[in-house]
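Below: one structure, written as structure tokens.
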Amino acid sequence: MSLQARPPEGIWGAVLLPVDRRGEIEWSALDEQLSALLESGIQGVYTNGTAGEFHSQTEREFDRLSQLVSEFCHSVALPFQIGVSHSNARVARERLARVASLRPDAVQITLPDWWAPSYDEAEVFLAGMAATAPDTPLILYNPPHAKRRLNLDEIARLKARLPMLIGAKLPGGDEVWYGELRRKLPDLAVFIPGHFMASGCLGGGRGSYSNVACLSPAGAGRWWHQLREDPAGALAFEARIVGFMNEHVLPLAVRHGLSNAALDKAMAAAGRWCPIGPELLWPYRSAPGEAVIELGTAARRQLPELFSTSQ
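Okay, so the sequence shown: first residue is 1 according to this note's numbering, each after it adds one.
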């Protein structure tokens, strides 16, 4: 196994796509975003999660984004992962083959999602991905809306079969679930949703590909350090973050018919830490401007610890 296979930990921020008025990616704005993520002090960045709109990119856009992020991150020694997910397993495998030479710290993959695979098919898929780029560590992204949700026993079987599977992004669970996680997957870096970072990491998680970092990467990073120094305080802050999400963020999905990606980009626009708006690539709906302004006001009122005086 290569030196790159060290399991990740901490807070990782999504690379979000700035979208201009024509509905195209505004590539010139990405450098400023990456610089802001670097300066925030988080442990790494990743492309092409749900918030990164992997499901809406063309292959040319995917290649350009992967190259741009890899060049920046190598130049400043910032750990990075590239998401190669696609509903078509063969396209995902082609993406992985193309980005392996960029030397990401890992690649994130979802299971094929047009037709839900059986466990055996999921294992064949992951084995095929591992064989495509044997020196590139794999992160399994298995979100709540996946058509095939793997349980911890199944993930443990995959881990035993595939040493290059070093991590997973999972929704988390109750105390029983975390007890099973500690017993069954002690060597897998399981990342949990950003707003449950404190309780999830105390329960056995290693970090978060963080929606809280969409709102404020520096604030999310400070919360991670608080967890090490003041676990009780970090748990108390989590309760306030969850309350903010339930009161202000999740209702936007119902009120305006928004996707999870739209909610994350609305938080990033509300956070004002980089030049990005709430717009998504066609055909998905984004949060209206007035909702973003209200969200930013509520966040600074209820979660001032996430923001510096300059924000």
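Glycine included, each C-beta is placed from N, C-alpha and C at the ideal position. Predicted model, so just to flag it, every value in this text is computed and none were measured.
Separation of residue j from residue i, as counted between CA atoms
{"i": "H55", "j": "Y141", "result": "14 Å"}
{"i": "E39", "j": "V69", "result": "15 Å"}
{"i": "P275", "j": "A269", "result": "8 Å"}
{"i": "P288", "j": "A133", "result": "42 Å"}
{"i": "L202", "j": "G179", "result": "11 Å"}
{"i": "Q33", "j": "R149", "result": "33 Å"}
{"i": "S87", "j": "L111", "result": "7 Å"}
{"i": "Q311", "j": "P217", "result": "Low local confidence applies: a pLDDT of 49 at Q311 is under 50, so the model's placement there is unreliable, and no value is given."}
{"i": "L227", "j": "A236", "result": "10 Å"}
{"i": "P278", "j": "A89", "result": "29 Å"}
{"i": "A320", "j": "P117", "result": "Any property of residue 320 remains undetermined from this structure, which presents the chain solely from 1 to 311."}
{"i": "W177", "j": "F196", "result": "14 Å"}
{"i": "L16", "j": "N246", "result": "23 Å"}
{"i": "L263", "j": "A36", "result": "20 Å"}
{"i": "P231", "j": "E305", "result": "16 Å"}
{"i": "K169", "j": "P143", "result": "7 Å"}
{"i": "M1", "j": "E24", "result": "Below a pLDDT of 50, predicted positions are generally treated as unreliable, and M1, at 39, falls in that range; no measurement from the model is reported."}
{"i": "P283", "j": "H256", "result": "15 Å"}
{"i": "F125", "j": "I192", "result": "23 Å"}
{"i": "E294", "j": "T50", "result": "24 Å"}
{"i": "G41", "j": "W224", "result": "10 Å"}
{"i": "K184", "j": "A156", "result": "6 Å"}
{"i": "E175", "j": "P7", "result": "23 Å"}
Proximity winner among the options, relative to residue i (alpha-carbon distances)
{"i": "V212", "options": "G194, G203, F125 and L202", "result": "G194"}
{"i": "E53", "options": "E294, R285 and A299", "result": "R285"}
{"i": "A253", "options": "S308, V292 and Q226", "result": "V292"}
{"i": "D63", "options": "S85, A220 and L235", "result": "S85"}
{"i": "F80", "options": "G277, Q43 and E290", "result": "Q43"}
{"i": "L165", "options": "E175, W177 and V190", "result": "V190"}
{"i": "D187", "options": "M245, L295 and L158", "result": "L158"}
{"i": "H248", "options": "L280, A298 and N260", "result": "A298"}
{"i": "T58", "options": "S101, R6 and A92", "result": "A92"}
{"i": "G296", "options": "G271, L281 and G49", "result": "G271"}
{"i": "M129", "options": "L102, A156 and E94", "result": "E94"}
{"i": "V76", "options": "E61, R60, D31 and S101", "result": "D31"}
{"i": "E71", "options": "E61, H145 and L102", "result": "L102"}
Rounded distance between the beta-carbons of residue j and residue i, thought under 8 Å
{"i": "Q302", "j": "R240", "result": "7 Å"}
{"i": "G167", "j": "L181", "result": "Between L181 and G167 the Cβ distance is about 13 Å, and since that is not below 8 Å, they are no contact."}
{"i": "V45", "j": "G10", "result": "Between G10 and V45 the Cβ distance is about 11 Å, and since that is not below 8 Å, they are no contact."}
{"i": "G172", "j": "G207", "result": "12 Å between Cβ atoms; not a contact."}
{"i": "A352", "j": "R161", "result": "No information on residue 352 is available, as it lies outside the stretch 1 to 311 that the chain covers here."}
{"i": "I109", "j": "L138", "result": "6 Å"}
{"i": "L280", "j": "K265", "result": "6 Å"}
Residues near residue i in its chain [Cβ-Cβ closer than 6 Å; skip 5 each side]
{"i": "I82", "result": "T47, S66, V99, P104 and V107"}
{"i": "M267", "result": "C214 and L215"}
{"i": "E154", "result": "Y119"}
{"i": "A220", "result": "I11, S210, V212 and A213"}
{"i": "L78", "result": "L38"}
{"i": "P18", "result": "E26, A29 and I276"}
{"i": "C73", "result": "F80"}
Exposure of residue i, with buried meaning 16 or more beta-carbon neighbours within 10 Å
{"i": "R22", "result": "exposed"}
{"i": "L96", "result": "buried"}
{"i": "S210", "result": "buried"}
{"i": "W273", "result": "buried"}
{"i": "K147", "result": "exposed"}
{"i": "W114", "result": "exposed"}
{"i": "P163", "result": "exposed"}
{"i": "L250", "result": "exposed"}
{"i": "E290", "result": "exposed"}
{"i": "D20", "result": "exposed"}
{"i": "E229", "result": "exposed"}
{"i": "A261", "result": "buried"}
Beta-carbon proximity list for residue i, same chain, < 7 Å, skipping 5 on both sides
{"i": "R300", "result": "F307"}
{"i": "L258", "result": "L252, R285 and A287"}
{"i": "G233", "result": "Q226"}
Close-in-space but distant-in-sequence residues of the same chain around residue i (CB under 8 Å, 5 per side omitted)
{"i": "L3", "result": "Unreliable positioning characterises L3 in this predicted model, as indicated by a pLDDT of 38, which lies under 50. A coordinate reading is not provided."}
{"i": "G243", "result": "Q302"}
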